[in-house]
Amino acid sequence: MIVFAFPPQAAQETDAYWLSGIDYDTGTAAGSLIVVPEGCHVPAGADAPVFCMDAAAEEGTILRKTDHSGGTGSDVWISSRLSGGTLKDRITQAMEASAGRLWLNIAPLCTRFSMPCPTGTGDALTREESLEIQRSCPAFFSPELCCMYCVQIEHAHAHMHLFDTTQTVAEKLRLASALGVPYVFGDIPPDAVIRKTPLP
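Reminder that position 24 of the sequence shown reads as 29 in my numbering, one-by-one numbering, no gaps.
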């Protein structure tokens with residue numbers, strides 16, 4: 006599995022940039038990915054897979070230099086974010102549907118959901134808001150969602166806060182590797198790539 010970690014300043018990038026990948030098993034350099042920020046264009050003569058952040062780009066498509074249209078045969082990506090089901094099932098189903106041509110986008114969670122939550126849609130929290138909840142509520146690891154969670158009671162109403170840490174991102178990488186995902190990219194802390202000890 007090849008891992009492409011976005012740089013810390015990725016959200017501020019205003020032009021396409023190249024990322025070097027890391028082989029998850031050996032830690033050696035492997036492959037390249039071109040990341041195209043929102044509103045930017047795929048560079049001419051692109052010589053590596055391309056990920057377009059623009060919402061106008063075809064959803065779920067990794068574009069290659071031989072197919073900038075995102076047509077049939079392109080690799081596809083899915084997000085690691087989910088609020089129901091299991092990450093293992095999502096990856097397994099996507100691997101089958103894509104015939105193994107899958108990229109997993111690690112998009113760390115920091116979201117609060119009112120309970121019950123039939124829509125599966127929550128409110129994004131800042132890191133500071135998340136830390137405040139974590140200080141007041143015990144946190145637990147969810148193997149199904151592959152993230153941490155807190156249950157917060159506020160004015161007699163329950164909320165569930167889902168969030169990721171370096172350790173849970175490392176768990177996502179371990180799961181993706183075990184399921185045979187060939188490529189992973191996104192907001193991945195460097196320590197998560199080398200953390201090989203599973204959470205208890």
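Beta carbons are placed, not taken as given, at the ideal position from N, Cα and C, and that holds for glycine.
In terms of DSSP beta bridges, what is residue i paired with?
i    : result
M58  : BP columns for M58 are empty, so no partner.
T116 : A129 and L167
V8   : I27 and V189
I67  : F56
S147 : C152
L107 : V81
When the Cα atoms are used, what is the spatial distance from residue i to residue j?
i    : j    : result
F145 : L178 : 19 Å
W31  : E159 : In the sequence as displayed, the identity of residue 31 is Thr instead of Trp. In a straight line, the C-alpha of T31 is about 47 Å away from that of E159.
F168 : G50  : 39 Å
D72  : G185 : Annotation note: pLDDT 47 at D72 (below 50); position unreliable, coordinate value reported separately. One C-alpha to the other measures close to 24 Å.
T77  : S103 : Bear in mind that a pLDDT of 49 at T77, under 50, signals an unreliable position, so the number given afterwards is only what the model happens to contain. Using only the alpha carbons, I get a separation of about 11 Å.
Q98  : C142 : 34 Å
F9   : S79  : 18 Å
S74  : H162 : Note that S74 scores 47 on pLDDT, short of 50, meaning its location in the model is unreliable and no value can be drawn from it.
T19  : C45  : 7 Å
V174 : A197 : 6 Å
M100 : S85  : 13 Å
P187 : L87  : 20 Å
S182 : I199 : 13 Å
S135 : H166 : 8 Å
W82  : N110 : 7 Å
G127 : Q157 : 14 Å
May I ask which residues mark the beginning and end of the beta strand (DSSP E) holding residue i?
i    : result
A181 : Element bounds for A181: not the beta strand (DSSP E) but the alpha helix (DSSP H), T171 to A183.
E159 : C152 to E159
A15  : Careful: A15 lies outside any beta strand (DSSP E) and carries neither H nor E.
A34  : A34 to V41
S84  : V81 to S84
Starting from residue i and walking both ways along the alpha helix (DSSP H), at which residues does that stretch end?
i    : result
I96  : L92 to A102
V47  : No alpha helix (DSSP H) holds V47; DSSP gives it neither H nor E.
A197 : P195 to I199
Restricting to Cα atoms, I'd like to know which of the options is closest to residue i.
i    : options                   : result
A21  : I7, D59 and I27           : D59
T171 : T126, C115, M165 and P187 : C115
F11  : D52, I199, T126 and I193  : I193
G1   : C152, V156, G191 and V189 : Outside the displayed span of the chain (6 to 205) sits residue 1, for which this structure offers no information.
C155 : A35, K93, L38 and S119    : S119
S37  : G105, E43, D28 and L24    : L24
L180 : L136, G191, A112 and K93  : K93
Q14  : V40, G127 and N110        : V40
E43  : T33, D52, H166 and F56    : F56
L150 : L107, T33 and A112        : A112
P148 : G127, E176, I138 and D128 : E176
P48  : W108, I27 and L68         : L68
A129 : H164, T33, R106 and G26   : H164
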